[in-house]
Every structure is written in structure tokens, then in C-alpha cells.
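K.L.:
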Amino acid sequence: MSTRDFIEKDYYAALGVAQDADAAAIKKAYRQLARDLHPDKNPGNADAEARFKDVSEAYDVLSDPKRRAEYDEARRLFGSGGAGARAGFPGGFPGGAGGGQPFDLGDLFGAAGGSRTGGAGGLGDLFGGLFGGGGGAGSARARSQAASGPARGQDVETEATLSFEEAILGVTVPLRMQSPGTCPTCSGSGARPGTSPHTCPVCQGAGVTSRSQGAFAFSEPCRNCRGTGQVVDDPCPTCAGNGVTNQTRTITVRIPAGVKDGQRIRLAGKGAPGRRGGPAGDLFVVVHVSEHELFGRKGNDLTLTVPITFAEATLGATLTVPTLDGNVTLKVPAGTASGQTLRVRGRGVPGKGRPGDLLVTVEVAVPKRLTPAAEDAVKVLEAELGDPRPRITAAVQQQGGAR
Ligand SMILES: [Zn+2]
Ligand SMILES: [Zn+2]
1 MSTRDFIEKD YYAALGVAQD ADAAAIKKAY RQLARDLHPD KNPGNADAEA
51 RFKDVSEAYD VLSDPKRRAE YDEARRLFGS GGAGARAGFP GGFPGGAGGG
101 QPFDLGDLFG AAGGSRTGGA GGLGDLFGGL FGGGGGAGSA RARSQAASGP
151 ARGQDVETEA TLSFEEAILG VTVPLRMQSP GTCPTCSGSG ARPGTSPHTC
201 PVCQGAGVTS RSQGAFAFSE PCRNCRGTGQ VVDDPCPTCA GNGVTNQTRT
251 ITVRIPAGVK DGQRIRLAGK GAPGRRGGPA GDLFVVVHVS EHELFGRKGN
301 DLTLTVPITF AEATLGATLT VPTLDGNVTL KVPAGTASGQ TLRVRGRGVP
351 GKGRPGDLLV TVEVAVPKRL TPAAEDAVKV LEAELGDPRP RITAAVQQQG
401 GAR
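In the UniProt record's numbering, the protein residues as written are 1 to 403.
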């Protein structure tokens, strides 16, 4: 059980008893719940199983007078186990009773030059009494975890510009990115090579201190060691004692097929490396896609505009057009109008499900200049075809002369 669990979990609520319930009432509530939620009675029910564990854990603490007293005291100091205790300080201490602002260990490393001199001695020893001195199982371990436990690496965002084809087919690209990483000189200890950090005298390694303000006592990250629980007398010259430096890394990432311009994709675990064995953060890549000289894109469909001659439009034709993956032939039916779109199934954007289609829009090309022979031929054709707009002609005649 970590310190965070200790403070965040509402054991009274888990058992459905009042905070001043006596030992008999707690035992009775536990027995009833344990019967109802027992896995033998709820095979395959994950909810019941999770509740059963919570109830057992709550009973473990509340049935032991010493541990119950510790728990009550912790809740009294850090809130009632509700939202206030869920701020982000590793180890679970709230950022402060007043603000309740999330506190991220990552912030500490950014804020170089913080006070390293012995600040207010404060109530650091209050914690020792509360969590260290009680002798409760695991409490000392929980304390050191708060100070130097694993920390997840930061999320990192970067950009990648892909060609039209790369975005559609997927591509593996090298990405250079800057992110905080373990200092190579001191291996993250923050101490000059050859020296080593020692336990912070102010917080005794807990990484947090408490102080009282009016009626409230609340905790904050130890200013002397900036929450790490350790102080460095002779800081590492590379990282100035932070244990972390900004590092440029080149990693190779696979951009999946079918990404769109402006899309932000998440690559889990490809962000900044974790500290002290913590998991890496995530990498977010904002994708920019260049335009293609021929193709456009509409969702999963590819679009292509193909000029055809008047003869092809009227008589019909078989066209060969490119796709992103080889050529394809399609039939233009006789009497196809300019602007009509023909669909070639399955030759659009490949994807996990059904691939998109290729949408070919034909446009009748109108020549700007004609040879005399071509001009004669067109005139012959015009005479053969007659008036293409008889209804318009009729309406015009009805109206009489132009105005
Ligand atoms: Zn260093
Ligand atoms: Zn400290």
C-alpha cells in the first residue's frame, strides 16, 4: 500500500460505514459485503472482484486500531480522501489545502536555481512521526517512494511533413526531437562525478514538508531538495544538479497509412524516457501532408480529373489512368457529359477496412486553336448536330427581341 492509496482511498465509504463507526459495526459491514461480493458468488464479475479487493483492503486498515488512527490522522491533515487529495504530486500529497494545484515533479526540473539552502525547518518531522514512526507495515517504504520513486517521462510533441503518397501508404520516418533525459554525466544523480547526493536534512528524504497556516496544516514539496528527498553539495557541471538535461534524440517512427493533413497522432511510449525506471511518455506527431500534382483526397477516396476529347465523350472510350499503386483502365460510356465522375472501386486510400475508391472526373477538353481543316470539320459536325438547346430557343422566341 502506498502513501497515496492511504490518503486517497475512502475506506469508510468502501465499507459503507460512518467515520465514527465502532469496531463491531465495521466488522458487521465487512462480513456482509465480503459475503455478497465473494468471487465464488460472482464468477467472472470484474466489478465485484474489484469491490471485493477494496472492501478487504479497507477492512485491513480499519480493523487495526493503530492503522485506523494513522489513516484518520492522514485524512484529517490532507483532506477527507476526496478530490483534494488527488493532485498530481508523486506520492499523493496535495499541492496545498488552499490551491490544490496539480504538482508535477517535471516542473521541478525546469525550475533550476531554486533555493538549495536550508529553508524553514518546518514540520518535516511531523511526517516522520506520521508515516515513519508509526511502524506500520510499508510506511517507510512509501515515504522513500514519494521522494525517489519511478516517474513517467514527459510527453513530447513534434511535427512531420509527408508527401501525399507517404501519408496514404504509411511511411517510416526519422524524427529529431528534444526532450529531457537522464543526464549522461552524472547518470541522473545530479552530483558531480565522484561525489554522491545525501538525504535531505529538512524533509529527511520524504521530499515534502508540512507547515501550518491558521487552522490548516498542509504539505508542499520540500524547497530544500525540490521534492527529490536528496541534496547535492557539489552539483554536476552538465545538468547543474538537476539530473536531467535537454537531449536531442533521433528516433524512427512508423506513421500509419491513411493519415490526414493536420492530424495529431499519438505514439505511446515514444516520448521522453522515464526516470528511475518509470515508463516513457508519449510522442505526439502533428502531420503535414503535401499536395499531389494529380490526385486529391476526399476521406478515403482519391480524386483525379482527366481531360477527354469531345470524340471520347460522345463515342465512348477506354482510358488508362494512374493510381498510387499502378495504372488502371476504365470505360467512359458513350454520351458521357463533361464533369461526370466515374468510380473505380478499391483503388483509393488503402485502410484497415475497405479501401477507398478512385473518383475520376472527366472534363471535355475544348481546343483553343484549330487548324483550318479542323475548323471545317467542326462546322460540318455542328450542321449535323443541329440546335443543342431547343427549349431555350423556344423561350427566347416567346419573349421577343433582346433588351
Ligand atoms: Zn548531471
Ligand atoms: Zn527535502
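We put the beta carbon where it would ideally sit given N, CA and C, even for glycine.
Can you tell me which residues form a DSSP beta bridge with H198?
P.N.:
By 1-based counting over the sequence shown, the position of residue 198 is 198. According to DSSP, which records beta bridges pairwise, H198 is partnered with V231.
K.L.:
Using DSSP with H/G/I as helix, E/B as strand and the rest coil, what is L358?
P.N.:
To locate residue 358, count along the sequence shown from 1; it is residue 358. In the structure shown, L358 sits in a strand (DSSP, three-state: E or B).
K.L.:
Would you call the region 237-255 in contact with the region 180-195, where contact means no fewer than 3 C-beta pairs closer than 8 Å?
P.N.:
The region 237-255 is in contact with the region 180-195.
K.L.:
Just to confirm, is the Cβ distance from V202 to N224 under 7 Å?
P.N.:
Looking up residue 202 in the sequence shown gives position 202. Looking up residue 224 in the sequence shown gives position 224. Cβ distance < 7 Å, so V202 and N224 count as in contact.
K.L.:
Can you tell me the Cα-Cα spacing of D72 and A280, whole angstroms?
P.N.:
In the sequence shown, counting from the first residue as 1, residue 72 sits at position 72. In the sequence shown, counting from the first residue as 1, residue 280 sits at position 280. D72 and A280: Cα-Cα distance of roughly 35 Å.
K.L.:
Does the pairing of the region 292-310 with the region 262-280 give three or more beta-carbon distances under 8 Å?
P.N.:
Touching, no, given that fewer than three Cβ pairs across the two stretches are closer than 8 Å.
K.L.:
Starting from the C-beta of A120, find all residues in its chain whose C-beta is less than 6 Å away, skip the five residues before and the five after it, and write them out in chain order.
P.N.:
Counting from 1 along the sequence shown, the entry for residue 120 is found at position 120. Residue placement at A120 is flagged as unreliable, the pLDDT there being 34, under the threshold of 50; the coordinate-derived value follows with that caveat. Around A120: no qualifying Cβ.
K.L.:
What is the DSSP secondary structure of P65, counted as helix, strand or coil?
P.N.:
Taking the first residue of the sequence shown as position 1, residue 65 is located at position 65. In the structure shown, P65 sits in a helix (DSSP, three-state: H, G or I).
K.L.:
Tell me, which residues are paired with R51 by DSSP?
P.N.:
One-based indexing of the sequence shown puts residue 51 at position 51. R51 pairs with nothing; no bridge assigned.
K.L.:
Start and end of the alpha helix (DSSP H) containing R391?
P.N.:
By one-based count along the sequence shown, residue 391 stands at place 391. Residues 390-399.
K.L.:
Looking only at its own chain, which residues have a Cβ that is under 7 Å from the Cβ of S189, when we skip the five neighbours before and after it?
P.N.:
Numbered from its first residue, the sequence shown carries residue 189 at position 189. The answer, listed in chain order, is S196, P197, G243.
K.L.:
According to DSSP, is E384 part of a helix, a strand, or is it coil?
P.N.:
Residue numbering aside, residue 384 sits at position 384 when the sequence shown is read from its first letter. Helix at E384.
K.L.:
Return the chain-ordered list of same chain residues with a C-beta closer than 6 Å to the C-beta of S52, the five sequence neighbours on each side being excluded.
P.N.:
As a position in the sequence shown, residue 52 is number 52, starting the count at 1. In the sequence as displayed, the identity of residue 52 is Phe instead of Ser. Excluding residues within five positions, the ones whose Cβ falls inside 6 Å are L37.
K.L.:
Provide the residue span of the alpha helix (DSSP H) that contains R31, from first to last.
P.N.:
As a working note, residue 31 is residue 31 in the sequence shown. Element bounds for R31: 23-37.
K.L.:
Would you kindly work out how many angstroms separate the C-alpha atoms of A112 and P237, rounded to a whole number?
P.N.:
Within the sequence shown, numbered from 1, the residue matching residue 112 stands at position 112. Within the sequence shown, numbered from 1, the residue matching residue 237 stands at position 237. With a pLDDT of 32 at A112, under the threshold of 50, the modelled position of this residue cannot be trusted; read the value that follows with caution. Taking the straight line joining both Cα atoms gives about 13 Å.
K.L.:
With 16 as the cutoff for other CB atoms within 10 Å, does P322 come out buried or exposed?
P.N.:
Walking along the sequence shown from the start, residue 322 turns up at place 322. Classification for P322: exposed.
K.L.:
Taking 6 Å as the line, does the beta carbon of N242 fall inside it for any heavy atom of ligand 4?
P.N.:
Ligand 4 is absent from the structure shown, which contains only ligand 1 and ligand 2.
K.L.:
The beta strand (DSSP E) spanning T314 covers which residue range?
P.N.:
Taking the sequence shown and counting its residues from 1, one reaches residue 314 at position 314. Taken as a continuous stretch (DSSP letters only), T314 belongs to no beta strand (DSSP E), being part of the alpha helix (DSSP H) at 310-315.
K.L.:
Go through the residues and name those whose CB comes closer than 5 Å to any heavy atom of ligand 2, in chain order.
P.N.:
In chain order, the hits are C200, V202, C203, C222, N224, C225.
K.L.:
Since C239 and T185 are thought to touch, with beta carbons under 8 Å apart, how far apart are those beta carbons, to the nearest angstrom?
P.N.:
Counted from its first residue, the sequence shown places residue 239 at position 239. Counted from its first residue, the sequence shown places residue 185 at position 185. About 7 Å separates the two Cβ atoms, so the contact holds.
K.L.:
In chain order, what residues place their C-beta within less than 5 Å of a heavy atom belonging to ligand 1?
P.N.:
The filter returns C183, T185, C186, C236, T238, C239, in chain order.
K.L.:
Per DSSP, which residues does K298 bridge with? Please list them.
P.N.:
Indexing the sequence shown from 1 puts residue 298 at position 298. Per DSSP, D301.
K.L.:
Shortest alpha-carbon distance to G348 belongs to which of G16, D40, N327, T252?
P.N.:
Your numbering for residue 348 matches position 348 in the sequence shown. Comparing Cα-Cα distances from G348 to each of G16, D40, N327, T252, the minimum goes to N327.
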